[in-house]
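In the working numbering, the protein residues as written are 2 to 402.
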């Protein structure tokens, strides 16, 4: 999918986990050169989350962090280009119509495969449309009553065991993906047409506005809950994306994080706006469809070739060569397991725990089975005790200030 969707020269075509053939010829100096080129201060985004004072944070950055960066001597080169943004990866896909492909994967059980359907979405700075696309994906797949799940999974003769959507943001474009798992092999080639037919039917019948509003409401509540429990992670995703692809002056940070405003805007959308979006991107937009077909023959071939490769290498190295490599591996393991020097660990300053700013929390309980003496005393507890009606079950309240 990556090689078909992205243009030649784009880093997005790469398999970031590494291909085995490439890993076998990869040299340690290549890894070091890569780290030297990209693990540098001018290619770093520092995100600090938690309860702290802005003035103190800026003071530490100015007096501790920046001097060390300058001391290290890694000044931003004049020829530096931002990865993805100022490289060939910034090219947009040149997709036209529907591009289809079938690939085989090694599997003895040839009864089921997978289908992935990807299409180009809105531009990365179209934040409202991007949120609408995300909500449409949830609307179409998130529960047994969702249109695509109901049509292809929750049936007497299911065409897949699951379906879900996601979005990938790139430097100059976004891609939306629909995944269908455990698709019967005989249905692999025709599934995409059935999906398009179903999407057209949804547009013709009209989007269920009550349900899309429910999806939106749940998504908003989920976001608020995450902001309370893990706010750092919520903001870090948007900040990292802006660091990678956004304008260097930071002008896109605020609009990219204005989720609540987008909910308000989308709540005013008409059915036609949702249907037009579905038609523009999901139905009529250029796309790539890849079917993954299981192949027992391919699995046998890979196993045979791997055994032959190992045997050929064994003969090429000979007993002496194998013993030499075994010794190299032993030394590498010893170096890897060497303890970290104690002075390196102790060189990092340890802050005083007294500087930690705790979040004030008041707790109170409604416990009909406890004695009054057993209740936690607090202003919150006193407020609850004034309620003339006591709940017949245990509830704990935590009030964060």
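Cβ atoms here follow ideal geometry from the backbone N, Cα and C, with glycine treated the same way.
- Note that the C-beta distance between residue 149 and residue 141 is below 7 Å.
- With contacts defined as CB atoms closer than 7 Å, residue 238 and residue 170 fail to qualify as a contacting pair.
- Here the C-alpha atom of residue 12 lies approximately 9 Å from the C-alpha atom of residue 84.
- Each of 314, 61, 292 was checked against the Cα of residue 193, and the nearest Cα belongs to 292.
- The shortest C-alpha to C-alpha distance from residue 19 to any of 7, 185, 8, 32 is the one to 32.
- For residue 261, the secondary structure class from DSSP, reduced to helix, strand or coil, is helix.
- For residue 389, there is no enclosing alpha helix (DSSP H), as DSSP gives it neither H nor E.
- Exclusion of the five residues before and after residue 213 leaves 140 as the residues of its chain whose Cβ lies within less than 6 Å of its Cβ.
- Assignment of residue 6 by DSSP, reduced to helix, strand and coil, places it in the helix class.
- Where residue 60 is concerned, the enclosing alpha helix (DSSP H) starts and stops at 55 to 61.
- In its chain, beyond the 5 residues on either side, 379, 381, 400 have a beta carbon closer than 6 Å to the beta carbon of residue 363.
- Inclusion of residue 184 and residue 138 in the CB contact set at 7 Å is not warranted, their separation being larger than that value.
- Looking at the DSSP output, residue 399 shares a beta bridge with 364.
- Between residue 25 and residue 69, the alpha-carbon positions lie close to 37 Å from each other.
- Judged by their CB atoms, residue 52 and residue 360 are nearer to each other than the 7 Å cut-off.
- Contact check between the stretch 107 to 125 and the stretch 162 to 181: three or more CB pairs, one atom from each, fall below 8 Å, which counts as touching.
- Residue 101 sits close to residue 290, with the two beta carbons spaced by under 7 Å.
- With contacts defined as CB atoms closer than 7 Å, residue 318 and residue 105 fail to qualify as a contacting pair.
- Each residue's CA atom was taken as its position, placing residue 187 and residue 268 some 41 Å apart.
- With 16 or more other Cβ atoms inside 10 Å of its own Cβ, residue 217 counts as buried.
- Counted as a single uninterrupted DSSP element, the stretch harbouring residue 164 is not any alpha helix (DSSP H) but the beta strand (DSSP E) occupying residues 163 to 170.
- Judged by DSSP secondary structure, residue 297 falls within the alpha helix (DSSP H) whose first and last residues are 297 to 337.
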